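Numbering (our numbering), first residue to last: 12 to 477.
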């Protein structure tokens, strides 16, 4: 009989609220188990000695924590599994978005589109025409003829999509899309939303993401209208318009060390305005990243590392503010509540298998962070059939099974390999990975999820007693 050993893909997290327990996850079976620390120590030293009952050993082997395979065999299995997952995912739903215009009414110093706009000085004035809208809807059916595999929520993006001068074409897109069975979600700076009030309805729009940069003072110093100046009050007023229309609004707060404390005053304002009690409203903290290391225009920003960002949130707000952590908290809370295994990922987002962003001049992109960049065009739709470039192949083939830094990482199928947009310009290009310290954030977020899970169990138990 082959000798059992601890699987290379066993990931332990010591639980903070229960000092005698560990949460184990297996990196390719997706198993999650809560174990006493004594049992974990037995598993950890299994190849040396073990007094565990045969029944327990059989269970641990079934879950993947104990295996007869070598580390090299496990790595090869994960590479093949990643390729299979990716192939399967590529055959499923396709997501679509319209880049309404590359123009913008803001001049944010840190914007990742500064490379194509020369910091707002050379914004393209190209905007969707009705003719291009018609072509876009037709090409969607050419890209994926099975309409049942279309994600029915089309993204509207830019530049800034909801510019007041775009009102006519936005109405045309929305009304035509509605007739075709689609709804819309929007990423907007929120400044000109009031110009579109006549079409703002949950019948058409499911979701708006609107960004603030902290409290009024910090926001107005960094996110301002290039002609009209301060934007905070107008954006907040427009959020109120959307909420009164019963449209979901997610306020993204771009966070660095300068505005980290602003959530307290923001929450007080949102509470005063009645936003926090509205079921359609939520807010979250998003780490502000430096997209160009040679960009020195953003002297008012003190960037945080992902590690510091997560630890500081936990220390300052104790989980009261939702913040980006690769989705670990949200996923694990769901897994624990439902008693399910982890979902395994071959890629971190749909940009690597089925996302199509159509711009106003007939170019197709797959990632929001690459729109407008000629070297990242995956295709064109100016003719009756889509014309694909070699770049599309690179984007849609890359997964954790062929990314260099992922192949021997035990977190590969939990992480998905990170954002490919951050890797394409490195020396390893599409083969590189950018996981932004997933493994260092992982135990913190797993512990946060477990604490929330235990708290929900306590509340449920208490309510039953009453």
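For glycine and all other residues, C-beta sits at the position ideal for the given N, C-alpha and C. Note that this is a predicted model, so its numbers are computed, not measured.
In the assembly as shown, residue 47 is an exposed residue. Its beta-carbon has fewer than 16 other beta-carbons within 10 Å. Around the C-beta of residue 172, 16 or more other C-beta atoms lie within 10 Å, and the residue is accordingly described as buried. The DSSP assignment places complete alpha helix (DSSP H) segments of no fewer than 4 residues inside the region 149-231 at 178-190, in order along the chain.
Looking at the backbone, the Cα of residue 24 and that of residue 315 are separated by about 25 Å. The region 330-337 and the region 361-375 do not touch, with fewer than 3 CB-CB distances between them shorter than 8 Å. Residue pairing by DSSP places residue 112 opposite 138 in a beta bridge. Residue 266 places its beta carbon less than 8 Å from that of residue 299.
For residue 368, the uninterrupted beta strand (DSSP E) segment begins and ends at 366-369.
The distance from the Cβ of residue 412 to that of residue 158 is about 30 Å, inconsistent with a contact at the 8 Å cut-off.
Here the region 386-406 does not lie against the region 55-74, with fewer than 3 beta-carbon pairs under 8 Å apart.
Going by DSSP, residue 52 is part of the alpha helix (DSSP H) stretching over 48-55.
One thing to note: residue 177 has its Cβ within 8 Å of the Cβ of residue 112. Excluding five sequence positions before and after residue 78, the CB atoms of its chain that fall closer than 6 Å to its own CB belong to 18, given in chain order. Just measuring C-alpha positions, the residue of 408, 407, 429 and 464 sitting nearest residue 416 is 429. Runs of the beta strand (DSSP E) spanning 3 or more residues and lying entirely within the region 239-316 occur at 259-266 and 292-298, in chain order. In the three-state reduction of the DSSP assignment, residue 95 falls in the helix class, which pools H, G and I. Pairing residue 234 with residue 200 gives a Cβ-Cβ distance under 8 Å. With fewer than 16 other CB atoms across the displayed protein chains lying within 10 angstroms of its CB, residue 56 is exposed. Straight-line spacing of the CA atoms in residue 163 and residue 106 works out to 8 Å. Excluding sequence positions up to five before and after residue 127, its CB lies within less than 6 Å of the CB of 383, all in the same chain and listed in chain order. In the three-state DSSP reduction, residue 449 falls in the helix class (H, G or I). Separation of residue 211 and residue 119 (C-alpha to C-alpha, rounded to the nearest whole angstrom) is 26 Å. Here residue 85 carries a helix assignment [DSSP, helix/strand/coil]. As far as DSSP is concerned, residue 19 takes part in no beta bridge.
A Cβ-Cβ contact shorter than 8 Å links residue 455 with residue 322. Taking the Cβ atoms as the reference, residue 250 lies roughly 7 Å from residue 286, within the contact range of under 8 Å. Residue 44 is bridged by DSSP to 35. Less than 8 Å separates the beta-carbon of residue 457 from that of residue 339.
Cβ atoms of residue 461 and residue 347 come within 8 Å of each other, at about 7 Å. Residue 169 is a Cβ neighbour of residue 115, given a cutoff of 8 Å. Annotated as distal: residue 154 and residue 364, with beta-carbon spacing of 8 Å or more. For residue 185, same chain residues with a beta-carbon under 7 Å away, outside a window of 5 residues either side, are 195, 210 and 215 in chain order.
When the five nearest sequence neighbours on each side are left out, the beta carbons in the same chain lying within less than 6 Å of the beta carbon of residue 82 are those of 19, in order along the chain.
Of 410, 466, 465 and 431, the smallest CA-CA separation from residue 99 is found for 410. Under the three-state reduction of DSSP, residue 391 is assigned to strand. Within the DSSP secondary-structure output, residue 124 pairs in no beta bridge.
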